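Residue numbers (numbering that gives the first Met the number 0), protein chains in the order written: chain A, 0 to 457; chain B, 0 to 457.
Let me begin by presenting the structure, written as structure tokens, before commenting on it.
Protein chains: 2
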Amino acid sequence: MHHWCRSLLGLKLTLSDSGRRLTFNFNYSLIKLKFILIDSQQTQSIQHLASKMVYLDYNATTPLADEVIQAITHSLSVAWGNPSSCHDIGTKANHVIKEARQHVASMIGAKATDIIFTSGGTEGNNWILQTAVQHYQKAFEAKIKSIGDMDVKRNKPHFITSNIEHDSIKLVLEHFKDQEIADVTFLPVSKSSGAVHVEDVVAAVTPSTVMISIMLANNETGVIQPISDIGRRIKSINRQRGDNQRILLHTDAAQAIGKIGVNVEDLGVDYLTIVGHKFYGPRIGAVYVLNPGTSTPLYPLFFGGGQERNLRPGTENTPMIAGLGKAAELVHINLDLYSSKMQEVRDYLEEKLESCFGDSVCFNGRFKDSQRLPNTCNVSFIGKSAMPGHEILSQVPSIQASVGAACHAQDRPSHILLAIGISDFVARRALRISVGRETTKQDIDAAVQDLQKLFNKT
Amino acid sequence: MHHWCRSLLGLKLTLSDSGRRLTFNFNYSLIKLKFILIDSQQTQSIQHLASKMVYLDYNATTPLADEVIQAITHSLSVAWGNPSSCHDIGTKANHVIKEARQHVASMIGAKATDIIFTSGGTEGNNWILQTAVQHYQKAFEAKIKSIGDMDVKRNKPHFITSNIEHDSIKLVLEHFKDQEIADVTFLPVSKSSGAVHVEDVVAAVTPSTVMISIMLANNETGVIQPISDIGRRIKSINRQRGDNQRILLHTDAAQAIGKIGVNVEDLGVDYLTIVGHKFYGPRIGAVYVLNPGTSTPLYPLFFGGGQERNLRPGTENTPMIAGLGKAAELVHINLDLYSSKMQEVRDYLEEKLESCFGDSVCFNGRFKDSQRLPNTCNVSFIGKSAMPGHEILSQVPSIQASVGAACHAQDRPSHILLAIGISDFVARRALRISVGRETTKQDIDAAVQDLQKLFNKT
Chain A
0 MHHWCRSLLG LKLTLSDSGR RLTFNFNYSL IKLKFILIDS QQTQSIQHLA
50 SKMVYLDYNA TTPLADEVIQ AITHSLSVAW GNPSSCHDIG TKANHVIKEA
100 RQHVASMIGA KATDIIFTSG GTEGNNWILQ TAVQHYQKAF EAKIKSIGDM
150 DVKRNKPHFI TSNIEHDSIK LVLEHFKDQE IADVTFLPVS KSSGAVHVED
200 VVAAVTPSTV MISIMLANNE TGVIQPISDI GRRIKSINRQ RGDNQRILLH
250 TDAAQAIGKI GVNVEDLGVD YLTIVGHKFY GPRIGAVYVL NPGTSTPLYP
300 LFFGGGQERN LRPGTENTPM IAGLGKAAEL VHINLDLYSS KMQEVRDYLE
350 EKLESCFGDS VCFNGRFKDS QRLPNTCNVS FIGKSAMPGH EILSQVPSIQ
400 ASVGAACHAQ DRPSHILLAI GISDFVARRA LRISVGRETT KQDIDAAVQD
450 LQKLFNKT
Chain B
0 MHHWCRSLLG LKLTLSDSGR RLTFNFNYSL IKLKFILIDS QQTQSIQHLA
50 SKMVYLDYNA TTPLADEVIQ AITHSLSVAW GNPSSCHDIG TKANHVIKEA
100 RQHVASMIGA KATDIIFTSG GTEGNNWILQ TAVQHYQKAF EAKIKSIGDM
150 DVKRNKPHFI TSNIEHDSIK LVLEHFKDQE IADVTFLPVS KSSGAVHVED
200 VVAAVTPSTV MISIMLANNE TGVIQPISDI GRRIKSINRQ RGDNQRILLH
250 TDAAQAIGKI GVNVEDLGVD YLTIVGHKFY GPRIGAVYVL NPGTSTPLYP
300 LFFGGGQERN LRPGTENTPM IAGLGKAAEL VHINLDLYSS KMQEVRDYLE
350 EKLESCFGDS VCFNGRFKDS QRLPNTCNVS FIGKSAMPGH EILSQVPSIQ
400 ASVGAACHAQ DRPSHILLAI GISDFVARRA LRISVGRETT KQDIDAAVQD
450 LQKLFNKT
């Protein structure tokens with residue numbers, strides 16, 4: 000136990016180190032502040048890191064904003080009560096959750112009552128798809144009861160999705176198909192835009208279609224999908240279908256939030272998935288459901304203590320919820336700034352790559368018929384000394400990027416690039432480079448320089 | 000933006016306040032430490048709180064240990080990478096998770112590969128019960144295929160549980176029963192011990208019994224259930240049943256961990272639920288599964304990115320996992336100390352209540368035929384001026400306790416107390432008082448004094 004103590008200008012400062020815990024107390028008259036160590040490094044090694052390592056994998060995950068860390072840390076200490084408890088410390092936690100829910104709602108133009116916290120995007124996506132199956136069964140049950148048709152087995156819900164979805168959509172729907180729980184149409188995206196065609200979506204609708212689930216922006220190419228157009232078309236189709244046969248619209252907005260404006264009314268969705276760690280928030284998420292359980296069906300995945308209005312039981316993860324709220328608040332306030340900064344740096348990166356490597360690079364996902372996220376660059380190195388993307392990354396460890404979804408089949412070409420019509424040769428040589436709020440042009444210069452060194456060497 | 004800066008004995012200290020964020024930097028030569036504000040209060044109000052409010056609801060939730068807060072906060076800052084990413088920052092996160100998994104395993108005498116992180120106890124309990132249903136269906140499918148019996152509908156899995164389980168077991172099994180997914184035996188606990196009789200469990204076994212799920216210790220009475228005796232009996236029954244008809248044993252150890260020794264081998268369980276926030280850890284959990292997916296069946300609830308060996312996909316909540324690991328490490332090292340301290344204070348509370356209130360109090364769940372958690376006291380005030388438990392708490396807000404599970408039907412008698420044979424009159428007048436690691440005899444004195452004031456007044 001080391002202890003350092005000073006009195007200075009009437010302030011009492013103590014710094015104590017017990018084992019691995021280092022706390023700092025600041026006492027002045029009646030005011031007490033307690034700090035806890037969050038980072039320690041030798042400045043030399045910090046400088047060393049800064050000049051060498053460049054993180055360019057913000058689509059895999061983002062660091063937490065300082066404000067988010069503070070919201071979490073504060074809540075860990077002062078809002079640890081059980082939000083269901085009636086006493087003071089419980090009420091405090093409850094208040095933190097209420098505030099966070101409002102921030103998450105405001106970020107996407109929703110009502111607070113339409114937000115339900117989840118453990119993350121995977122739970123959210125699985126939940127929404129499962130809900131559609133259960134809803135169809137109930138709606139269909141009502142229908143067969145009324146018409147006396149007993150051929151239940153043949154009638155299955157039908158889903159429409161794209162062929163570029165995240166595994167937490169793709170694998171669930173493949174499982175539904177394999178297990179004969181549902182029929183699924185996996186729509187190919189257009190090779191001229193990297194996006195689904197709205198007409199293809201409409202054409203795929205059948206009387207059994209219960210849900211359309213298409214991501215808002217792709218994680219590898221950044222291509223933004225035409226959800227609001229789909230929303231408008233589906234709304235008009237739904238006017239002709241009974242309430243029990245209404246087609247539900249879901250979008251996984253994991254990669255879009257914090258990068259482009261996301262407004263549930265503009266999109267016309269019934270469900271939307273929110274993932275904290277993609278926008279400088281913590282590793283939890285939320286789902287948006289328009290009037291959950293009333294105008295939009297929602298069946299709980301879990302049974303338990305009644306939290307989240309019985310829709311998602313389990314004692315609330317207050318600190319993480321506080322962090323998610325803070326991350327949402329930051330996006331709500333600063334989106335334009337974040338977005339334009341990222342775009343400036345991403346565009347600088349692409350110009351720099353073009354000017355340094357000329358015809359030896361090509362960009363995947365840059366289409367004139369569609370828009371991209373402002374932070375994503377998918378580039379293939381196809382020159383004479385070309386090598387697979389994962390080899391580039393292993394030879395240039397200073398660039399912390401990826402070849403696609405985190406560690407997802409590093410040595411195979413991305414199925415998403417193949418889906419947008421990229422050849423196997425080019426897809427194998429791709430890097431996904433995604434910039435963040437703090438990425439600078441100097442970071443880009445350092446990364447491009449290291450790539451130049453590699454290709455000059457080989 | 001306020002800024003305070005001092006150089007002192009070669010140290011440079013800066014304290015800066017930008018909006019709501021207060022950070023403190025400590026620079027000395029090459030060493031940089033960064034602190035973040037976690038708590039601020041006027042000492043006067045701290046003293047005020049300390050003399051007035053006594054938290055006695057540790058079974059609802061616990062505060063986080065300082066070491067746990069530090070582990071989380073540290074991880075928020077330095078291990079924020081995606082654990083599936085191949086680069087440095089991802090590897091760092093992966094290492095944090097590996098270490099935490101080992102600590103959780105060691106705490107309960109398990110192997111690290113038997114621990115799977117979840118979002119909490121509710122997910123864990125729901126998952127294990129759902130797994131049993133799926134396992135039964137697969138095992139039964141194999142059986143009907145071999146004997147050509149097609150009467151599938153009549154054959155349902157059978158569960159055995161107690162009538163004092165947490166809602167995340169009780170409501171799932173009630174749902175299974177309602178939806179004709181499973182048959183369920185809800186065994187009444189003995190009125191002379193508050194625990195299930197091992198013989199009743201054995202007698203309830205049928206050829207379709209797929210799982211026995213009984214909690215390790217009750218959250219309201221603290222009564223410890225005879226899981227290891229059940230484990231031994233089931234083991235010998237299982238020797239006579241084929242592998243496909245093996246009875247699986249699960250215990251929800253939410254309330255036991257951190258209070259009594261919990262060892263999976265001694266208990267003889269196949270599954271065990273772990274809940275961080277009951278032992279000074281964060282709001283996540285884990286399940287123990289003996290060789291998951293091989294010797295013990297485990298079917299994922301979610302599909303997605305392949306995390307947790309495909310058993311529980313979703314990007315890992317590294318900071319919370321780090322905190323859970325730290326909380327487990329603390330329990331592993333200090334259990335005897337925690338346990339004896341809590342017991343001393345709880346016993347002091349009960350003596351004090353007896354000496355102050357005599358026949359006007361009675362203790363629920365104190366049986367000579369069973370053991371209790373060392374921290375739990377369930378007491379009813381049955382004297383002349385008796386009032387319902389929730390009224391006592393609303394009149395004495397300084398005592399932060401509960402009448403049962405957090406905010407669970409405050410105005411009705413606890414079904415758990417009724418289940419152990421307590422009369423409606425006494426059950427309505429019950430308080431659940433649960434002490435923690437830092438609860439002192441002075442806290443107890445203050446609480447009892449406030450109760451005395453209330454009853455003298457009325």
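Just so you know, even glycine gets a beta-carbon here, dropped at the ideal spot from N, CA and C.
No experiment lies behind these values; they were computed from the predicted model shown.
Query                                                                                                                          : Result
Closest residue to A:Lys367 among A:Leu128, A:Ala194 and A:Ile88 (Cα-Cα distance)                                              : A:Ala194
Residues of its chain near A:Gln101, where Cβ-Cβ distance is below 8 Å and the 5 sequence neighbours each way are ignored      : Ala111 and Gly324
Nearest-angstrom Cα separation, counted from B:Pro296 out to B:Ser413                                                          : 35 Å
Any chain A beta carbon closer than 7 Å to B:Leu450                                                                            : no
Proximity test, Cβ basis, 7 Å: A:Phe301 and chain B                                                                            : yes
Through-space distance from A:Phe116 to A:Gly304, alpha-carbon basis                                                           : 15 Å
Interface flag, A:Asp166 vs chain B, CB-CB below 7 Å                                                                           : yes
Proximal residues to B:Glu164 (C-beta, below 6 Å), its chain only, five neighbours per side dropped                            : Met214
Touching by the beta-carbon criterion (3+ pairs, under 8 Å), the segment 346-365 of chain B and the segment 306-324 of chain B : no
Limits of the unbroken alpha helix (DSSP H) element including A:Gly388                                                         : Gly388 to Gln394
Contacting residues, own chain, Cβ-Cβ under 6 Å from A:Ala216 (five flanking each side not counted)                            : Ile223, Gln254, Ala255 and Leu372
Inter-stretch contact at 8 Å, needing at least 3 Cβ pairs: the segment 279-292 of chain A / the segment 350-360 of chain A     : no
B:Ile223: first and last residue of the uninterrupted beta strand (DSSP E) it sits in                                          : No beta strand (DSSP E) holds B:Ile223; DSSP gives it neither H nor E.
Same chain, Cβ closer than 8 Å to A:Asp228, neighbours up to 5 away in sequence not counted                                    : Val197
Interface flag, A:Ser369 vs chain B, CB-CB below 7 Å                                                                           : no
Within chain A, partners of B:Leu75 - CB distance below 7 Å                                                                    : Leu63, Ile68 and Ile71
B:Pro291, DSSP secondary structure in three states                                                                             : strand
Among A:Thr72, A:Glu173, A:Leu170 and A:Val183, nearest to A:Pro156 - alpha-carbon criterion                                   : A:Val183
Per-residue burial, A:Asp265 [other beta carbons within 10 Å of its own, 16 or more giving buried]                             : exposed
Cα-Cα separation, A:Pro291 to B:Arg238                                                                                         : 48 Å
DSSP three-state assignment for B:Ile163, whether helix, strand or coil                                                        : coil
Simplified DSSP assignment, three categories, for A:Asp56                                                                      : strand
Beta-carbon neighbours of A:Met52, restricted to chain B and to distances below 9 Å                                            : His86, Asp87 and Ile88
Close beta carbons around A:Thr439, own chain, < 8 Å, minus the five adjacent residues each side                               : Val344
Length of the line joining the Cα atoms of B:Tyr270 and B:Phe158                                                               : 14 Å
7 Å Cβ cutoff met for B:Ser401 and B:Asp56                                                                                     : yes
Any beta strand (DSSP E) of 3 or more consecutive residues that is wholly inside the segment 393-437 of chain B                : 429-433
Proximity test, Cβ basis, 7 Å: B:Gln394 and chain A                                                                            : no
Three-pair Cβ contact test at 8 Å for the segment 88-97 of chain A versus the segment 68-78 of chain A                         : yes
Where A:His249 falls: helix, strand or coil (DSSP)                                                                             : strand
Nonlocal neighbours in the same chain, by C-beta distance under 8 Å from B:Gln41, ignoring five residues either side           : Its pLDDT being 41, under 50, B:Gln41 is placed unreliably by the model, and the measurement read from it follows with that caveat. Counting only Cβ-Cβ distances below 8 Å, and skipping sequence neighbours, we find nothing.
From B:Ser105, B:Ile96, B:His73 and B:Val209, residue whose alpha carbon lies closest to that of B:Glu328                      : B:Ser105
Neighbour list for B:Asp177 in chain A, Cβ cutoff strictly below 8 Å                                                           : Result: empty, since nearest Cβ-Cβ is about 11 Å, beyond 8 Å.
7 Å Cβ shell around A:Pro82 - same chain, five flanking residues per side excluded                                             : Gly89, Ala92, Asn93, Ile96, Glu315 and Thr317
Cβ of A:Leu297 within 7 Å of any chain B Cβ                                                                                    : no
Simplified DSSP state of B:Arg371, which is helix, strand or coil                                                              : strand
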